[in-house]
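Residue numbering for the sequence shown follows UniProt numbering, beginning at 1 and increasing consecutively.
Beta carbons are placed, not taken as given, at the ideal position from N, Cα and C, and that holds for glycine.
Computed from a predicted structure; not experimentally measured.
Below is one structure, written out as structure tokens, with a few remarks after it.
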Amino acid sequence: MGIHVVHQTPQVISYKTTYCSKATLLNILTLIVTVITPLLVVYRSQGLWVKETEWREQADIRFKHQVLFIADTSLGSLVWSTNSAFNTLMAAHLRPPLVKSHEADGNHDGVKERLEFTLELPLRSTELVYGATLLLTFDYRLHHMCEIILEGLGHVRYSGGIPVSGVSVWGDLTLHQRHPLPHTPSFTLYNTPILPSASASPTEWRLDTIFSQYFQRNYTTRLDNTYTSVRTGESDIFTLTIHVTYPEQRVTSLPGFWLTIKWAWVQYLSVLLVLIYVTGFVKDWAYRSQLVPTWVDSPQKQH
């Protein structure tokens, strides 16, 4: 008749000593090494605390229908804005265009993916367009790690040495960060108007003033990965077409308390488990070999 193992119970061998002994000192030293070494290893490698976190997110972007347009012609500048105060100030150079815009949601998830913007400026027979500047503002929101709301700017500039009848621009509206985003429930510091709202001062409408104030923001949007196509020649209408894509963004932010603790614990624990195994093996060998004097209490001695 065959025999097989149905149950196993390990035998525990106890090694006893006094509080003031070499064996107790060995226990204290191995405990210190086990606890402290993982901290030193992790700190000297990539740092114990995570300093920033990164993720990808499709931003919730909406065109705010705020526009500033400047055309450089052979007879001077032609301007127009969605702001009536600016149009009143620049009445001598005002030329209202026909503006069309459409935001598309291709996958029907409630988040817009692109903007199609067209501006048609009527021209006189003696007016030739050599350059154009366009400013568009956007409502930019992030929701994944924290609520971030800011007003962003899309800037398009074309200038050439020959007259053009149309300019087409393709680009991505991207987020530019000087610093990681703060870890707060809601961050709305830069949810303020970029274009002057009801100012009567012409200097506030200067492009250098607008760009200077916008440049001071730590979190901005801009058109990247741009491509430009022009149609040369004379025409009674100058057409400016902008194709803006809202791509998925790579965003960095400061980590929260629990994320910092979790990341530190994962790193510490991964090294700690190895040290527990190594120091346990060393202690077992030291006690079995009686490198430090102890009293051995085994089950065989109890029978």
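{"Asked": "Short Cβ contact (8 Å threshold) for Tyr130 with Ser74", "Found": "yes"}
{"Asked": "Residues that Ala132 bridges to, as DSSP identifies them", "Found": "Ala71 and Tyr158"}
{"Asked": "Residue burial classification, Tyr219 (beta-carbon count within 10 angstroms, cutoff 16)", "Found": "buried"}
{"Asked": "Proximity winner among Thr228, Ile148 and Leu29, relative to Val169 (alpha-carbon distances)", "Found": "Thr228"}
{"Asked": "Residues near His93 in its chain [Cβ-Cβ closer than 8 Å; skip 5 each side]", "Found": "Gly76, Ser77, Leu78 and Val79"}
{"Asked": "Through-space distance from Val278 to Leu25, alpha-carbon basis", "Found": "18 Å"}
{"Asked": "Whole-angstrom C-beta distance between Pro180 and Leu254, which should lie under 8 Å", "Found": "5 Å"}
{"Asked": "Chain-order list of residues whose beta-carbon lies under 8 Å from that of Arg56 (same chain, five-residue window excluded)", "Found": "Glu248, Gln249, Arg250 and Val251"}
{"Asked": "Separation of Arg62 from Glu54, as counted between CA atoms", "Found": "24 Å"}
{"Asked": "Asn27 - containing alpha helix (DSSP H), residue span", "Found": "Lys22 to Ser45"}
{"Asked": "Bridge-paired residues (DSSP) for Tyr268", "Found": "None; Tyr268 has no bridge partner."}
{"Asked": "Counted within 10 angstroms of its Cβ, other Cβ atoms place residue 304 as buried (16 or more) or exposed", "Found": "There is simply no residue 304 to check, as the chain begins at 1 and stops at 303 in what is shown."}
{"Asked": "Length of the line joining the Cα atoms of Tyr246 and Val111", "Found": "9 Å"}
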